[in-house]
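Novice:
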Amino acid sequence: MLTIIDHPLICHKLTIMRNKETGTKDFRQNLDEIGGLMVYEVTRDLPLHSVDIETPITKYTGQELATKVVVVPILRAGLGMVSGIMDLIPTAKVAHIGMYRDEETLEPHPYFEKYPPAFADSLAIIVDPMLATGGSSIAAIDMVKKQGCKNIKLVCLVGAPEGVKAVESAHPDVDIYLAALDDHLNENGYIVPGLGDAGDRIFGTK
Ligand code: PRP
Ligand code: URA
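According to the UniProt record's numbering, the sequence shown is numbered sequentially starting from 1.
1) Assuming the contact rule is C-beta atoms closer than 8 Å, residue 1 and residue 175 should be a hit. Round their C-beta distance to whole Å, please.
2) Taking just the CA atoms, how far does residue 149 sit from residue 14?
3) Shorter than 7 Å, the distance from the beta carbon of residue 198 to the closest heavy atom of the ligand URA, or not?
4) According to the neighbour-count rule (16 or more other Cβ atoms, all chains shown, within 10 Å of its Cβ), is residue 118 buried or exposed?
5) Between the alpha carbons of residue 42 and residue 80, how many angstroms are there, rounded?
6) Report the three-state DSSP secondary structure of residue 34 (helix, strand or coil).
7) Closer than 7 Å by C-beta to residue 144: which residues in its own chain qualify, once you throw out the five before and the five after it? Chain order, please.
8) Measuring CB atoms only, is the segment 129 to 139 touching the segment 153 to 164, in the sense that at least three cross pairs come out at less than 8 Å?
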C-alpha cells in the first residue's frame, strides 16, 4: 500500500530541500528532520505488549514495543535519514545496504550488505530519499527478504509514479511511504520536479 505523508511541516522542509539554492548543511538538516517526522507515521501500527512496572505511586501495567526495529539505509543517500529516525527509536539497530545506480543503464549495483543478529524477526524500515525507477528499492527489498525478513516497510522522500508502480508490482507485500509523489522521470532517470541528486547534495559531491 502507498501512503503519502503530506504533513505541513514535511511539505515546508521538503520545499527547502527541493530549492537548488539550499546548501549541503540545510539540505542534510531538513532530510534528517523529515526522516524523524515520517517515522512517527510509519510506526503507527507497531504492536505493543504489556509490561508490569511501578510508578512512584503504585503498580502499573504499561506497554512497550513488541517488535525489534532495524533501520536499513540504502547507501549513500539513505544515511541522511538515519539519525532523525534513531532519535525517535533509540533502541533500533542499523543494517546497511550499499548500492549505486549505473548512470547509463539506471541498473542498481549492490556493493555491500551488513545486518544485525536476529534480523529475520525484526521490522525492517528501508530508507532512501529517492524512489526513481524503483530498481534500487526493489533490489534492496530482495536482499532483505533473502535474509528471511518478512516484515518490511520502504520509506522514501520523493517518488516517481514509475518507481512506485515497479515496487508495488515486484513486492506487493511491502508498504511504501513517501513525503511526495512527483510527476515523472526525465530522460536521465531523474525525478521531476524532484530535488536533484540526493547523495551529492547530502555529501557535497558531484
Ligand atoms: C540514488 C538514490 C536511490 C537511487 C534511486 O542513489 O539515493 O538509491 O538513486 O534510483 P532508482 O529508483 O532508479 O534505482 P545513487 O545510485 O545515485 O547512489 P548514491 O546514494 O550513492 O548517490
Ligand atoms: N537519484 C537521485 O538522487 N535523484 C533522482 O532524481 C533520481 C535518482
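Backbone N, C-alpha and C define an ideal beta-carbon position, used for all residues, glycine too.
Specialist: On the basis of the supplied data:
1) Here residue 1 corresponds to residue number 1 of the sequence shown, with the count starting at 1. Here residue 175 corresponds to residue number 175 of the sequence shown, with the count starting at 1. Between residue 1 and residue 175 the beta-carbon gap is near 5 Å, inside 8 Å, which marks them as a contact.
2) For this step, residue 14 is matched to residue 14 along the sequence shown. For this step, residue 149 is matched to residue 149 along the sequence shown. Near 31 Å, if we compare the C-alpha coordinates of residue 149 and residue 14.
3) One-based indexing of the sequence shown puts residue 198 at position 198. Yes, Cβ of residue 198 sits closer than 7 Å to a heavy atom of the ligand URA.
4) By one-based count along the sequence shown, residue 118 stands at place 118. Flag for residue 118 reads exposed.
5) As a position in the sequence shown, residue 42 is number 42, starting the count at 1. As a position in the sequence shown, residue 80 is number 80, starting the count at 1. If I take the Cα positions, the gap works out to 17 Å.
6) Against the sequence shown, residue 34 aligns to sequence position 34. Residue 34: helix per DSSP, three-state reduction.
7) Taking the first residue of the sequence shown as position 1, residue 144 is located at position 144. Here the set comprises 72, 124, 126, 152.
8) The segment 129 to 139 is in contact with the segment 153 to 164.
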